[in-house]
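Engineer: Once you've had a glance at the structure underneath, I'll fire off some questions.
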Amino acid sequence: MPSSTSSSSRHRVFDRLPAIEWGRRWSVALAGFLLLLLLLEGSLRSQGICPSQSDTTLLWVATRDRLTSEDVVLAGASRSQLGIHRQRIEEVTKKSTLQLSINGRVPWAMLGHLAFETDFRGLVLLSVTPYGLTEGFAIDMGDQSEHLRAWKRMAWSSRLESWLRTRVDGFLVTRRAGVSGRFLAPLGIGDDRRLPYLTMDAQRQMLADYSRRDAARRLAEGASRTTALREEQHPSVGLFAAVREAIAQIRSRGGEVVLIRMPSSGAYREAEALRFPRERFWNRIVAEAEAPSIHFEDFPALSRFHCPDGSHLDGKDSLAFTDAILGIIRDERWSR
């Protein structure tokens with residue numbers, strides 16, 4: 008059994024040790040971290056890089072949570088995300104406008120959701136890509152069912168996480184994916200030559216600045232997309248009937264759906280015209296859907312726009328393009 012003398016001796020040894028000022032050390036460490044963060048933020052912003060959201064399922068779910076029956080809904084894929092300016096529509100129509108397009112996904116599940124699972128009676132601007140009208144889809148695209156399932160099942164904790172992440176990502180440039188490479192490049196890691204060219208806000212408005220993309224890279228991307236369209240395609244007969252039924256349901260409640268064929272350019276546009284002849288695809292969906300439609304080739308105000316990568320509009324053109332779309336809808340009196 009240890010003696011009391013031995014125990015008290017050890018206590019006296021510890022008593023003589025200098026006091027450690029943990030609070031002060033933590034304060035110094037925190038101040039150092041904040042200073043480093045400010046330096047990184049300042050450096051990135053001086054290069055023209057701004058905060059941006061990540062296009063996640065969480066952010067889409069948060070957007071879907073805000074949907075009401077009278078809203079304007081943008082549905083489609085990346086062409087809609089990059090080419091139609093959500094905020095401009097909201098300013099002009101004075102109605103809440105939600106960007107529910109999903110990159111790499113066709114919008115038919117979303118259209119059915121609005122028609123048969125809600126009391127939606129607002130306006131849907133439905134971006135239709137030719138390959139989304141084919142049997143099995145011409146390129147490897149999925150539908151939006153996965154996002155809708157996530158919206159229905161997502162726990163409140165995940166929604167809280169999304170709310171917090173959105174606010175942090177909207178404030179800090181250092182949260183952007185890929186920006187760390189600009190600091191790691193001097194160490195031989197990463198690539199400091201590529202500025203982020205896509206920016207997304209908390210409402211999922213996405214803009215592209217193709218001046219930040221190397222011209223050769225853009226051409227290579229366009230060639231890759233063109234190659235993906237080489238196989239002969241066939242229209243999906245069952246899809247046309249389902250789209251007609253969904254649109255009729257929305258219109259029966261006083262809503263409206265406008266089909267929109269977004270611009271494409273160059274070799275990619277030629278490949279689309281070859282593999283998805285207008286008379287077999289676009290004209291047919293318009294006729295069977297019995298809905299208003301806008302094809303960019305039919306309106307000089309739309310056909311003048313150029314897609315730098317062959318498939319998407321540059322952010323500098325999105326406002327003018329959206330104004331032209333709204334002008335056509337107004338002139339045709341399609342918005343109920």
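Under my numbering, the first residue of the sequence shown carries the number 8, and numbering increases by one thereafter.
Backbone N, C-alpha and C define an ideal beta-carbon position, used for all residues, glycine too.
Computed from a predicted structure; not experimentally measured.
#1: Quick check: the Cα distance between Q212 and L42, rounded to an integer number of angstroms?
#2: Which residues bound the beta strand (DSSP E) around H313?
#3: Whole beta strand (DSSP E) runs in the region 46-95 with 3 or more residues, listed along the chain?
#4: For F123, collect the residues of the same chain with a Cβ closer than 6 Å to its Cβ; drop the 5 residues on either side in sequence, then sort them by chain order.
#5: Can you tell me whether T125 is buried or exposed? The criterion is at least 16 other CB atoms within 10 Å of its CB, across all chains shown.
#6: Measuring straight from C-alpha to C-alpha, what distance separates S300 and Q54?
#7: Measure the C-alpha to C-alpha separation of L191 and L66 and round it to an integer number of angstroms.
#8: Give a yes or no on whether the C-beta atoms belonging to I257 and F178 are separated by under 8 Å.
#9: Please report the straight-line C-alpha distance between G90 and R291, rounded to a whole angstrom.
#10: Once the 5 residues before and after F306 are set aside, which same chain residues still bring their CB inside 8 Å of it?
#11: For the beta strand (DSSP E) containing A215, name the first residue and the last one.
#12: Using the Cα positions of S134 and W158, report the straight-line distance between them to the nearest angstrom.
#13: For M117, which three-state DSSP category applies?
#14: Would you identify the three-state DSSP class for Q256, choosing helix, strand or coil?
#15: Can you round the beta-carbon distance between Q60 and D176 to whole angstroms, since I take them to be within the 8 Å contact cut?
#16: Between the alpha carbons of N110 and W33, how many angstroms are there, rounded?
#17: Cβ of Q240 within 8 Å of Cβ of T136?
#18: Buried or exposed: E263, going by 16 or more other Cβ atoms within 10 Å of its Cβ?
#19: Pick helix, strand or coil for M270, following the three-state DSSP scheme.
#20: What number of angstroms, rounded off, separates the C-alpha of L320 from the C-alpha of H120?
#21: Where does T125 fall in DSSP's three states?
#22: Measuring straight from C-alpha to C-alpha, what distance separates D150 and P114?
#23: With distance defined between alpha-carbon atoms, name the residue in R251, D338 and H313 nearest to A298.
Structural biologist: Once the coordinates are examined:
#1: 31 Å
#2: H313 -> no beta strand (DSSP E), and no H or E assigned at all.
#3: 79-82
#4: none
#5: exposed
#6: 42 Å
#7: Because L191 sits at a pLDDT of 48, beneath the cut-off of 50, its placement in the model cannot be relied upon, and the following sentence gives the value as read from the coordinates. The alpha-carbon atoms of L191 and L66 are separated by roughly 29 Å.
#8: no
#9: 24 Å
#10: A331 and I335
#11: M213 to A215
#12: 22 Å
#13: helix
#14: helix
#15: 5 Å
#16: 44 Å
#17: no
#18: buried
#19: Reading off the sequence shown, one finds Pro at residue 270, where the question assumed Met. It is coil, neither helix nor strand.
#20: 28 Å
#21: coil
#22: 6 Å
#23: R251
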